[in-house]
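For reference, the structure discussed in these notes is given below.
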Amino acid sequence: MKLLFYSLLLLFVNGLNAQFDFINVLPELEGNDLIQKLVEDYKPVTVLDYSTARDTLYKVIYNENDTVYGVYTHYGVYLPDNVDPSTYLYKNGSPSGINAEHTYPRSKGAADGNAKSDMHHLYPSKINVNSDRGSLPFNEIDDNQTQDWYYGQLILHTIPTQNIDEYSERISQYFEPRESHKGNVARAIFYFYSIYHEQALNADPDFFDIQKKVLCDWHFQDPVDSLEWARTWLIAKYQDGKPNPFVLDCSLASRTYCDFLSDGCRRVSNKDILNSNDIMLKIFPNPASEFIKVKFINTGFNKIEIEVLNILGKKVKSFSCFEDGSEISQFEIEISDLNKGIYVLKMKSDNKEKFLNISKVFIIK
106 MKLLFYSLLL
116 LFVNGLNAQF
126 DFINVLPELE
136 GNDLIQKLVE
146 DYKPVTVLDY
156 STARDTLYKV
166 IYNENDTVYG
176 VYTHYGVYLP
186 DNVDPSTYLY
196 KNGSPSGINA
206 EHTYPRSKGA
216 ADGNAKSDMH
226 HLYPSKINVN
236 SDRGSLPFNE
246 IDDNQTQDWY
256 YGQLILHTIP
266 TQNIDEYSER
276 ISQYFEPRES
286 HKGNVARAIF
296 YFYSIYHEQA
306 LNADPDFFDI
316 QKKVLCDWHF
326 QDPVDSLEWA
336 RTWLIAKYQD
346 GKPNPFVLDC
356 SLASRTYCDF
366 LSDGCRRVSN
376 KDILNSNDIM
386 LKIFPNPASE
396 FIKVKFINTG
406 FNKIEIEVLN
416 ILGKKVKSFS
426 CFEDGSEISQ
436 FEIEISDLNK
446 GIYVLKMKSD
456 NKEKFLNISK
466 VFIIK
């Protein structure tokens, strides 16, 4: 199942980025050197004790209008004031209660110490779903093979007839979170495996590697949204001011564990844009579903290149046109083969080094 929540994504005024916000993290490093430096710069010395960490998760980090939602099901429980959050939400361990999910399982390296209490990989979860996930690795599951489907209070054993992307899935070997949480899972695991690497290897040296490929896919398919960005900084307040760096910089994944995915995350900087206010570029209709027409005032360059990028910064279409001496050029681009969402049309000069204009395109179906 694949679904990108485009409404949560922003395209920067000063550039293109797949995620809500962006901070460059150690851009000169990659591979083991980068991982080692991430540990030096982002491993917290102080975290909350486990009991306080859970209470903080429920009362502060994941409290939405006095309700705490399980990340795998979007099942919510109202949390009143003046109660012990963990005890109240636990509901004596009943299936309708909520407890803390260790995205990197306790049996795989998060059994004690800071690794157990680090909130960058802890999430609220409906108790029975947390139990069913257990220490299963994450993976994509063929819908026809799925044994259990989880959403709200529902547990289905057949393919849902509606809202299928809202469901988490399970078979005996794997667990697949619902679409909107997949990127969060990936970045939490990248963080844990980097920061608590020794504990992870000692517990199970294969656990990370068997799910690495799909986690890389999820990281790029489900970029950081505004909530994830805000929450990593909220958590940082309780952990030496240190956020999850994999939330801050979407390129960290490809520079550490996902080097087999090229060009997964990139930005366009203001310094690369030449006279963008002076080059008139009009796109119509916009939004569109079948085609768009592109009209622009000729630039004085012999050749103009147009690229269409998806929200991950990956080129999905490209065109070249030669200016014929007329004042205005116009051409049509077929877009019926593209999925709905936000795209960027980038206009470059013939020297391929300067961007002349950047515009958003909204594709609807």
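Numbering-wise, the sequence shown is residues 106 to 470 according to this note's numbering.
Backbone N, C-alpha and C fix where the C-beta goes; we use that ideal spot for every residue, glycine too.
Item, Value
"Give me the residue from S222, I203, E245, T151 with the minimum Cα distance to D270.", "E245"
"According to DSSP, A205 sits in a beta bridge with which residue or residues?", "P229"
"With C-beta atoms as the reference, is I438 less than 8 angstroms away from K422?", "yes"
"For the region 141-158 and the region 231-244, state whether three or more C-beta atom pairs, one from each stretch, are separated by less than 8 angstroms.", "no"
"Since N351 contacts F295 with CB under 8 angstroms, what's their CB separation in whole angstroms?", "Strictly speaking, residue 351 in this sequence is Phe, with Asn absent from that position. The Cβ separation is near 5 angstroms, so the contact holds."
"Under the three-state reduction of DSSP, which class applies to F297: helix, strand or coil?", "helix"
"Within 8 angstroms, do at least three Cβ pairs link the region 258-270 to the region 316-323?", "no"
"How is the beta strand (DSSP E) around D253 delimited, first residue to last?", "253-256"
"Counting C-beta neighbours from all protein chains within 10 Å, is the total for Q278 16 or more, i.e. buried, or is it exposed?", "exposed"
"Using the three-state DSSP reduction, which class does R283 fall into: helix, strand or coil?", "coil"
"Among K231, H225, S212, which has the Cα closest to the Cα of N197?", "K231"
"Using the Cα positions of G288 and A305, report the straight-line distance between them to the nearest angstrom.", "20 angstroms"
"Pick helix, strand or coil for A215, following the three-state DSSP scheme.", "coil"
"Using the C-alpha atoms, what's the distance from K342 back to D309?", "31 angstroms"
"According to DSSP, is T178 helix, strand or coil?", "coil"
"Should P149 and Q344 be called a contact, given that it needs their Cβ atoms to be closer than 8 angstroms?", "yes"
"Please determine, among P132, F127, F389, the residue with the shortest C-alpha to C-alpha distance to T361.", "P132"
"Which term fits L450, buried or exposed, when burial requires 16 or more other beta carbons within 10 angstroms of its beta carbon?", "buried"
"In terms of residue numbering, what span does the beta strand (DSSP E) encompassing L414 cover?", "408-414"
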